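Numbering (full-length UniProt numbering), first residue to last: 1 to 330.
Written out as structure tokens, the structure reads:
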């Protein structure tokens, strides 16, 4: 008798009492029943950890792990280490999923003999309203070769989130999410792509991202800015190096990606941090100045982005101040 395929669903948990029940219930109600749910309490200071233990008493498929706070990547890595399933999925603790999500993903994996399958997603605000799609779902089920998938990521049209994916466990057991960094999904996915011949994508929006207004205040944005955008820009450089080695046909797209990530940096950096003693800021300024030719000739840049990049290369502080005035804050 064949042993049923097991799915491990990893949920990092940190101070999410208000949303955790909805999240866990949506996993427990999956139509595919042979799964384990790994709740990794990442040093919560509210009662989230105790709530996890309550869930474990109610459902024998739930396993709980408590650890010191180390961030989402650290919690995910512990979950991967403890997972016993054949395939692994992830759900963020304030999000929730449709009942047939993992059944559909697994069916596609087995049908097409894939390592990774992905569903589509939407974003829901606190009032229950759907927000504009971050990634446009395909019209029908589709197989995308890794190079084409990477192209979509580089053009800011693809979905790098691990939460929308079901992945063969052996693939993740050999890798880890980078700890102490942000933009970690993008970095790990790009590292995995050379080992993934193709990814299957479902059109159904089975994963619901819960968008909390005010979860990132301007004060926190200023505090987190150096870390967030340093990781984003560094990851752009990593993927550009990978492209040159593994996917040379995407060189121009990777160059565009590196420029756009730096444009995002320059349009969001707090004006107070635009100083000569800010080493990373000065590096970005130098990059834009030395890449004027690429800015002028890259066919994938919009006219607006090209103009912004050229202006920022010439007068970054002035352009940032004007942009801040248009947005209404600094």
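Note that the Cβ used here is the ideal one computed from N, Cα and C, for glycine as well. Just so you know, these numbers come straight off a predicted model, no measurement behind them.
If you measure between the beta carbons of residue 284 and residue 322, is that distance less than 8 Å?
no
Please list, in chain order, all residues of the same chain as residue 263 whose beta carbon is under 8 Å from its beta carbon, the five residues on each side excluded.
305, 308, 309 and 312
Own chain partners of residue 274 with C-beta closer than 8 Å, once the 5 adjacent residues on each side are dropped
281, 316, 317 and 320
I'd like to know whether the C-beta atoms of residue 259 and residue 294 end up nearer to each other than 8 Å.
yes
Whole angstroms are fine: how far does the CA of residue 13 sit from the CA of residue 19?
10 Å
Using 10 angstroms around the beta-carbon of residue 244, count the other beta-carbons present and answer buried if the total reaches 16, otherwise exposed.
exposed
Helix, strand or coil: how does DSSP classify residue 209 here?
strand
Identify which residue in 174, 205 and 210 has its Cα closest to the Cα of residue 126.
210
Based on Cα-Cα distance, which residue from 26, 83, 292 and 68 lies nearest to residue 6?
83
Please report the straight-line C-alpha distance between residue 242 and residue 57, rounded to a whole angstrom.
46 Å
Segments assigned alpha helix (DSSP H), at least 4 residues, entirely inside the stretch 222-268
251-268
Under 8 Å between the Cβ atoms of residue 40 and residue 53?
no
Would you decide whether residue 218 is buried or exposed? Buried here means 16 or more other CB atoms lie within 10 Å of its CB.
Because the pLDDT of residue 218 is 38, which lies under 50, any placement of that residue in the model is unreliable, and the number read from its coordinates should be weighed accordingly. By the neighbour-count rule (16 or more Cβ atoms within 10 Å), residue 218 is not buried but exposed.
DSSP state of residue 338, grouped into three classes?
The question about residue 338 has no answer, for the chain in this structure spans 1 to 330.
Proximity below 8 Å, CB of residue 171 to CB of residue 105
no
With H, G and I counted as helix, E and B as strand and the rest as coil, what does DSSP make of residue 199?
strand
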